[in-house]
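Chains as they are written, first to last, in UniProt numbering: chain X, 1 to 575; chain C, 1 to 93.
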């Protein structure tokens, strides 16, 4: 195929693919051609067998060392799991015996033997249908590396920092390795947005586009590229006009970013000097750097469902403990509120049960109290990690509806703490246990609940849903779901008052807290700890910093008089 | 010898991580372990063998376990598979 760079006048070309990881990158193309490594091997004589076997054994060792050290540097669990699979391949007993057989009985040189045996595996996969056969890239990657090592070839290209890597297809190992060269972006001919390469690019925040037909054939080395990881488009040899357009867009994004950064650095206090606290809602380890970027004061809601549902840590206390410790380490010295596993409702957790009304069913604490081992294992993992970072962990109990539930949790926490102490584990004696206020009965009885707990956290999404009897996931009626509904405000006010009367801190961790005017209203009610998706933090902060508490008080008294959402909306838009 | 049929239930199928978990578990037992699927037979203690099956959700496997600890092996292997390898949710694979 003709290279674009062969043209005298480089022409602007637009290529389309699937947006795999967001961000815009501008840079020169670095081409990466995975050539199948050459097979030099000849048929060998019987007295060379020993030597060839030795070369194979040694190649296994070298490859294992490489993968081990790559894995040791990996913070991303996906990446680490994938490398682990490749390490396991190197120890595959069938692979060993087949390759040894090729060398010993068919007199093949090590490289040819490796090639032949891997080819057999890949041929079987080719005959299969479906997406899983695409995963053969992990297998051929191990093959190629083994052959390169046997033949003393380095096989490790380096790229200029800031270039955009263009390849036919990348294995997870390659993405991990090349990311260390600070490449600006990744373009692949193959792969979907759910391919391992795409998942890793997102985790590592490298803008990436995959599934770009023939990109590696048509893009020439050193051609200038603009990679738009949001739109999934690539401009090759951008014209001056296009460059200008993108430069403007990039500088707009940068400006926005620096404005936000300035906001983030501002002191968290209202225009008349009343302090407030903004924290982050976090689910994945990868989000921890956003806590830092947006300068959230710790985590107001750490979701733990992903640990159970996505990863292998189901029933693994140590893995859970590692996760909490990683989070605590990254957010030092701020507090982290860990919500116990909150299954059910919209979070599908199929244990064979089908429910008529999942949102009113077996979820949150109800499920945990039925699954004591699961509950105790999680509590133990939390308590252990809290002991390492005393005074920073808070436990949050989801979907509470009765005072008995609170009592049982408190007792269980005490019991487990004593057990841990007996086993000489460090324990945080004063660990706080709080409740989610997400069912209206708890809000109505907020004072009773507050007396039994250390803090309350209002989950406005579920609270609104239960209060208004609207499933917001149901398209037919989702227009009835409104977090600004007057009844929601009055209920929140009740909880805030109960908190004041009992001296119990109240925070809000639902979507409502990321609505800037609503945040002002919450502050006016005396709720000065809000938690939200980190990226939404600057706008909220701006609103809170630019109003006085007095203005917020005024807003509250007017909101509490409203009878319809429309009235609330008009108040808000005039604030 | 124990022969037993199981179906892959997790959304993402028998991809790299579940395959690794299956092989790791099987290797703990002394018994031989083979998997039959659509006419293929692979060693269940071989990660490459298991990966080449490319078993997707809904695929039916026939397990063949033979050896001194076959009962225990069969139980835990079947539990792992029927449990969806702990990936009950849609994996973002």
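The beta-carbon is built from N, C-alpha and C at its ideal position, and this holds for glycine as well.
For clarity, every value in this text was computed on a predicted model and none was experimentally measured.
Counting the other CB atoms within 10 Å of its CB gives residue 1 of chain C a total below 16, which places it among the exposed residues.
When the Cα atoms are used, residue 71 of chain C and residue 376 of chain X turn out to be separated by approximately 30 Å.
Taking 8 Å as the cut-off, the beta carbon of residue 7 of chain C is found no closer than this to the beta carbon of residue 121 of chain X.
Here the alpha carbons of residue 25 of chain C and residue 95 of chain X stand approximately 18 Å from one another. The beta-carbon separation of residue 209 of chain X and residue 227 of chain X, rounded to 6 Å, stays under the 8 Å limit for a contact.
Taken through DSSP and simplified to helix, strand or coil, residue 39 of chain X comes out as coil. Beta-bridge partners of residue 223 of chain X (DSSP): none assigned.
Taking a cut-off of 8 Å for Cβ pairs, the stretch 150-165 of chain X and the stretch 75-86 of chain C do not touch, as fewer than three such pairs fall below it.
Going by beta carbons, residue 472 of chain X and residue 478 of chain X fall inside the 8 Å limit. Listed along chain X are 84, 85 and 88, each with a C-beta nearer than 7 Å to that of residue 20 of chain C. Nearest in C-alpha terms to residue 5 of chain C, of all of C:49, C:59, C:19 and C:15, is C:59. For residue 139 of chain X, at least one C-beta of chain C is nearer than 8 Å to its own C-beta. Excluding the 5 residues flanking it on each side, residue 516 of chain X has same chain C-beta neighbours closer than 6 Å at 539, 540 and 543, in chain order. Note: residue 40 of chain C is bridge-paired with C:37 in the DSSP secondary-structure output.
Taking a C-beta distance under 8 Å as the contact criterion, residue 504 of chain X and residue 450 of chain X qualify as a contact pair. One thing to note: residue 297 of chain X has its Cβ within 8 Å of the Cβ of residue 277 of chain X. Between the C-alpha atoms of residue 73 of chain X and residue 62 of chain X there is a straight-line separation of about 17 Å. Unbroken alpha helix (DSSP H) stretches of 4 residues or longer found wholly inside the stretch 326-410 of chain X: 365-370 and 372-388, given in chain order. The beta carbons of residue 13 of chain C and residue 55 of chain C sit about 6 Å from each other, so the pair counts as a contact at 8 Å. Given a length threshold of 3 residues, each whole run of the beta strand (DSSP E) inside the UniProt domain "HPr" (1-88) of chain C is given here in chain order: 2-7, 32-37, 40-43 and 60-66. For the 8 Å CB-CB criterion, residue 456 of chain X and residue 412 of chain X do not form a contact. Per DSSP, residue 256 of chain X is not a residue of any beta strand (DSSP E); the alpha helix (DSSP H) it occupies stretches across 240-265. Going by DSSP, residue 466 of chain X is part of no beta strand (DSSP E) but of the alpha helix (DSSP H) stretching over 460-468. If you look at residue 300 of chain X, you'll find it isn't in any alpha helix (DSSP H); it sits in the beta strand (DSSP E) that goes 299-302. When DSSP states are grouped into helix, strand and coil, residue 289 of chain X belongs to the helix group. Sixteen is the threshold: when 16 or more other Cβ atoms of the shown chains lie within 10 Å of the Cβ of residue 196 of chain X, as they do, the residue is buried.
DSSP, reduced to helix, strand and coil, places residue 495 of chain X within a helical segment of the structure shown. For residue 52 of chain C, the chain X residues whose Cβ falls inside 7 Å of its Cβ are 121, 124 and 125, in order along the chain.
With contacts defined by Cβ atoms closer than 8 Å, residue 50 of chain C and residue 65 of chain C do not form a contacting pair.
Between the stretch 27-43 of chain X and the stretch 246-264 of chain X, the count of Cβ pairs shorter than 8 Å is below three; the stretches do not touch. Between the stretch 322-337 of chain X and the stretch 289-303 of chain X there are three or more C-beta pairs closer than 8 Å, enough to call the two in contact.
Contact between residue 234 of chain X and residue 212 of chain X holds, since their C-beta atoms are separated by about 7 Å, short of 8 Å. Of all residues in the stretch 462-477 of chain X, none comes within less than 9 Å of chain C when Cβ atoms are compared.
With distances taken between CA atoms, residue 272 of chain X lies nearest to X:547 out of X:180, X:547 and X:564. The DSSP-derived three-state label of residue 50 of chain X is helix. Three or more pairs of CB atoms, one per stretch, sit closer than 8 Å, so the stretch 439-447 of chain X contacts the stretch 491-500 of chain X.
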